[in-house]
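Here numbering that gives the first Met the number 0 is used: position 88 in the sequence shown is 87, and no number is missing along the way.
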Amino acid sequence: MSATVRVNLNERSYDVVIGTGLMGTAPDHIAPLLKRPRVWIVTEDRVAPLHLPRLEAALREGGITPAALILPAGEGTKSWAYLTQTVEWLLDERVERGDIVIALGGGVIGDLVGFAAAILRRGVRFVQMPSSLLAQVDSSVGGKTGINTRHGKNLVGAFHQPSLVLADIDLLDTLSPRDFLAGYGEVVKYGLLGDAAFFDRLEDHAPPWPQVMRRCGPRPCAARCR
Ligand SMILES: NC(=O)c1ccc[n+]([C@@H]2O[C@H](COP(=O)([O-])OP(=O)(O)OC[C@H]3O[C@@H](n4cnc5c(N)ncnc54)[C@H](O)[C@@H]3O)[C@@H](O)[C@H]2O)c1
Numbered sequence: 000m001s002a003t004v005r006v007n008l009n010e011r012s013y014d015v016v017i018g019t020g021l022m023g024t025a026p027d028h029i030a031p032l033l034k035r036p037r038v039w040i041v042t043e044d045r046v047a048p049l050h051l052p053r054l055e056a057a058l059r060e061g062g063i064t065p066a067a068l069i070l071p072a073g074e075g076t077k078s079w080a081y082l083t084q085t086v087e088w089l090l091d092e093r094v095e096r097g098d099i100v101i102a103l104g105g106g107v108i109g110d111l112v113g114f115a116a117a118i119l120r121r122g123v124r125f126v127q128m129p130s131s132l133l134a135q136v137d138s139s140v141g142g143k144t145g146i147n148t149r150h151g152k153n154l155v156g157a158f159h160q161p162s163l164v165l166a167d168i169d170l171l172d173t174l175s176p177r178d179f180l181a182g183y184g185e186v187v188k189y190g191l192l193g194d195a196a197f198f199d200r201l202e203d204h205a206p207p208w209p210q211v212m213r214r215c216g217p218r219p220c221a222a223r224c225r
């Protein structure tokens, strides 16, 4: 089951596909974008063991050969060092201008890989497969990409729109309560910023807070969920 939202930006327009089971049907969405049946996936070491094998199997089943680079999870990966590693790997792999790079992960991977795609050969196309709630509702859409420097967050980057966003909500099942709530906070913000009906809907359908607090804990959250 899925829904598609078209982002209209003239020649840079793209689809955001939201739904369940999108890992399995990824080749149906990605194949029409390909000039040759190969893709390069960049992901990280928390998401990879949970979701990469399924994506690779689905791509192979669909006749697409994947190669993968697995980086460390965490904000520190949005850095010059991992940008260099990613770009050099893509060059080692002889990725051409017509090829597609896939960012499989949360906002960290989406921002880093989007920026690598923006500067590689002066711009290659990329597909966002956001795996965190925050990335699905926010960072994977809009084309803001970049890395942090010692001067601060997101100080170096580029606007580079994805060619496709595949937001498979099944991926959220493996998120820690802490990371789920981090994304949910962003969702609540959309309601608070000017959509009262949406905010009411969230209140009506909110998870049972005592249960969430038991899993997350008001203070020990960081200890239990990291
Ligand atoms: N480009 C934009 O418009 C934009 C907007 C908002 C935030 N951001 C950026 O996004 C980043 C934050 O995003 P984030 O919260 O997704 O961070 P993240 O990528 O670090 O993910 C958060 C944690 O969730 C884990 N994770 C992700 N998907 C998982 C899954 N399916 N199962 C289990 N664990 C999973 C990750 O390993 C990590 O530990 C920041 O760097 C921020 O600057 C960018």
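C-beta atoms are modelled at their ideal positions from N, C-alpha and C, and glycine is treated no differently.
- Note that the C-beta distance between V107 and L68 is not below 9 Å.
- In terms of Cα proximity to E10, the closest of L90, P161 and A195 is P161.
- Here N147 carries a strand assignment [DSSP, helix/strand/coil].
- Proximity of the stretch 167-181 to the stretch 126-139 meets the contact definition, three or more beta-carbon pairs being nearer than 8 Å.
- Taking a 10 Å sphere around the C-beta of R45, we find 16 or more other C-beta atoms and assign the residue as buried.
- For I63, the secondary structure class from DSSP, reduced to helix, strand or coil, is coil.
- In this structure, the CA atom of L70 is about 35 Å from the CA atom of L192.
- The Cβ neighbour count for D203, taken over all protein chains shown within 10 Å, is under 16; the residue is labelled exposed.
- A Cβ-Cβ separation of about 6 Å places L111 in contact with L82 under the 8 Å criterion.
- F179 sits buried, since 16 or more C-beta atoms from the chains shown fall within 10 Å of its C-beta.
- DSSP places E43 inside the beta strand (DSSP E), whose first and last residues are R37 to E43.
- Within the same chain, Y189 and G190 come within 8 Å of F197 by CB-CB distance, once the 5 residues on both sides are set aside.
- The three-state reading of DSSP puts Q160 in coil, since its state is none of H, G, I, E or B.
- Contact check for G75 and F114: beta-carbon distance about 15 Å, past the 8 Å limit, so the pair fails to qualify.
- Distance from the CA of S138 to the CA of V15, rounded to the nearest whole angstrom, comes to 12 Å.
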